[in-house]
Structure formats: structure tokens, C-alpha cells
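Below: one structure, written as C-alpha cells.
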Amino acid sequence: MKKHSFAPRSLLLAGAMLGAFTLSAAAQQPATPPAAGAAPAAQPLPPGSPMIGRPDNEAAAKLAPVAPPPLPSAPDKLPLAKLKVPAGFNVEVYAAGMANARSLALGDKGTVFVGSRLVDKVYAIVNKDGKRSVKVVASGLYRPNGVAFKDGRDGAGRRAQPRHQGRRGFRRAVLLAGQHHRPGARLGQELQGLHGAGRPDGPHTASLGMRFYTGSMFPKAYKDAIFVARHGSWNKSQKQGGDIVVVKLNKDGTVKSVEPFLTGFLEDNKYVGRPVDVMLLKDGSLLVSDDWNGAVYRISYGKQKVANQ
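Right, here's the structure in full:
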């Protein structure tokens, strides 16, 4: 009986030893190196990435938006000397040091609030005792691009952090097919249904900010004209925009002309600055934000060249 009871135990022990030896031998084998030229595993895209929904190849990567410098430019490194305005106008640095400075809003006491898109901050340009300073008034936000001022009390409204949802695949596939819900319209050099006959369909200019001029500092010809901040194209070989244009209107509201107003941000097909928004100050001067350099410029007319520092 002892022999019969001992045999299974011996077999069990031998099997356990063999299994342990097999595992030990396997553990000592060197890891199989990855195949030569194998591409690394794709990393998940962050929320809001411009590459969401794009093909994963080099050609598509070249169509990604132009990445701005990681830090705001120092005041003495701003492209002020390269900026051009019409005769009689002046351009100066109003404030600097605000990473990714974008949308502008004016408070009731003259404070200028500045949003951002690639960072988590809202800034305030404060005038006090004839001096201007920049403060961070909110942080930890998700892309606080647009800003608005109301009542002036901190915490008077509900806060919300929006969630970004990306979608893969075609968007506006009907438009890509050339159907603009107008008979005869086609996708080509003349989109008659959208832009009027004979007008070439060039690259977009990313017109992000606009204001009607209701001030009194500028000449009469600019009264009720529209100032438009064109951030500039990015997915084209020859970039366009990157400037401020003024749209002058006829009495019936139709467009009379579109004229360059502030230029110099685009040099040799490369950006040295990218305007985002425009806003009027109470004195009638015009502010322009530049998210590339993290700065705000002020445009005035006449002998009044420098605002209170």
C-alpha cells in the first residue's frame, strides 16, 4: 500500500521540478529584439489635437497647424520694427509676456482681459498709477480661448470645464464632393454658389477676430469699418493672411474695399507673429493680440504715439 501511495507523490514532485526547470530556462532566454525598422507603437492623441481624425502618415503630419514658440517673446525680441501701418498711424507694444495671448475683452475700469488656447490661463492687463502690469487672474482651465466681462465680480457665474470629443473620418463630405446645395456649383477655382462668379478659391486665412470701428481717434474714412484679424493659413505651401485688414463698407452695407492695415507678421513665408483678435479702447485706439509672441499691440493715430506705460 505504501508503494502505491508513494508513486503518485513521486510523479507529482517530478512534474513540479520539471515545470520549475522549464520556467527557469525560459526566463533565462534573452528577449526577442524588435524587428529592424519596426515603427514604435502609436501614442494616443491628447484632447483637442489637430491630428484627430487625420491619416497617420507623413503627408498628413505636414498639414498640422504651425506650432508657436513654447514661451512668450521678450519685449526686446518682438517684431515691432517689422510691423507696417498706413501713414499717420503708430504701432507700439501695449503688453508682453502672456503665453499664447488670444481673445480680448475690456473691463469697466479699463482692464484688458486676455484669453489663451494652448495654455490654461486668463490674463489681465491692469492700468494703475499710469503703469501697466500683467497678472494671471485664472489658471487650470481647459483652453480658455474666449473671454467676456460682465459685472466685474469674481465668482459670480458658474464655471464649466468642457470635454473635448474628437471624431474620425470625413467631415462635410457633401462639400468635398462639390455639392453646395446650389445647381451648377462645383468644387474648383470658381465656387459661384459661395463666393461669386470669377472669384478664385484660395487658401483660408483664419479670420479669428473682428470689430466695427466706433471710436473717434481714427480718420473719418474708418468710421464703422470692420477691422479683421487674420491669423493666417497653415496647411498651404504659400501662406496667406497673418495680418489685420480693414473692410470698408458702402452705405447699403455692401463691401466697398478690403485693405491691408497692419502687416509684417509674415516674412519669407514664415511667421514672425500671428494676430488673433482686435479690440477698441475707450480712447479710440485699437489693440491687436499676437499668440505667436504672447503680446498685445496698440495702434493709434496722430501724435499720440505711446499710451500710459
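Under our numbering, think of the first position of the sequence shown as 537, with each following residue one higher.
The C-beta atom is built at its ideal place from N, Cα and C for all residues, glycine as well.
Would you identify the three-state DSSP class for residue 617, choosing helix, strand or coil?
Note: residue 617 maps to helix in three-state DSSP.
Taking just the CA atoms, how far does residue 785 sit from residue 649?
If you draw a straight line from the Cα of residue 649 to the Cα of residue 785, it is about 29 angstroms long.
In terms of alpha-carbon separation, which member of 795, 619, 802 and 838 lies closest to residue 774?
Residue 774 has its Cα closest to that of 802, out of 795, 619, 802 and 838.
Output the distance between the C-alpha atoms of residue 776 and residue 768, rounded to the nearest integer angstrom.
Cα to Cα, the separation comes out at about 6 angstroms.
Look at the alpha carbon of residue 747 and the alpha carbon of residue 593, and state the distance between them as a whole number of angstroms.
The straight-line gap separating the alpha-carbon atoms of residue 747 and residue 593 is approximately 39 angstroms.
Please report the straight-line C-alpha distance between residue 638 and residue 622, rounded to a whole angstrom.
One C-alpha to the other measures close to 24 angstroms.
Measuring only the C-alpha atoms, how far is residue 670 from residue 834?
Computed Cα separation, rounded: 15 angstroms.
Please report the Cβ distance between residue 640 and residue 685, rounded to the nearest whole angstrom; I am assuming they are in contact, meaning their Cβ atoms lie under 8 angstroms.
Going by Cβ atoms, the distance from residue 640 to residue 685 rounds to 10 angstroms, so no, they are not a contact pair.
Contacts around residue 709, its chain only, beta-carbon distance under 6 angstroms, and the 5 residues preceding and following it disregarded
Since pLDDT at residue 709 reaches only 38, below the 50 mark, its modelled position is unreliable, and the value read off the structure follows with that caveat. For residue 709, where only same-chain residues beyond five positions count, there are no Cβ hits under 6 angstroms.
Can you tell me the Cβ-Cβ gap for residue 658 and residue 635, rounded? I've got them flagged as a contact below 8 angstroms.
Contact between residue 658 and residue 635 is absent: CB atoms are separated by about 12 angstroms, not below the 8 angstroms threshold.
Which ranges would you report for the beta strand (DSSP E) in the stretch 645-697 if only whole runs of at least 3 residues count?
Counting only runs of 3 or more, we get 648-650, 658-664 and 667-674.
CB contact flag (residue 837, residue 624, <8 angstroms):
Contact flag set, yes.
Quick one, are the C-beta atoms of residue 608 and residue 631 less than 8 angstroms apart?
At the C-beta level, residue 608 and residue 631 stay beyond 8 angstroms of one another.
Collapsed DSSP secondary structure at residue 612 in the structure displayed
Note: residue 612 maps to helix in three-state DSSP.
Between the CA atoms of residue 579 and residue 793 - distance to the nearest angstrom:
The alpha-carbon atoms of residue 793 and residue 579 are separated by roughly 48 angstroms.
Residue range of the unbroken beta strand (DSSP E) whose run includes residue 834:
From DSSP, the beta strand (DSSP E) with residue 834 extends over 831-837.
Tell me where the beta strand (DSSP E) around residue 796 begins and ends.
Taken as a continuous stretch (DSSP letters only), the beta strand (DSSP E) holding residue 796 covers 791-798.
Short Cβ contact (8 angstroms threshold) for residue 683 with residue 765:
Not closer than 8 angstroms, so no.
For residue 814, the nearest candidate out of 791, 782, 790 and 829 (CA to CA):
Of the candidates 791, 782, 790 and 829, 782 places its Cα closest to the Cα of residue 814.
Assigned exposure category for residue 603 - 16 Cβ within 10 Å defines buried:
Here residue 603 is exposed, its C-beta having fewer than 16 other C-beta atoms within 10 Å.
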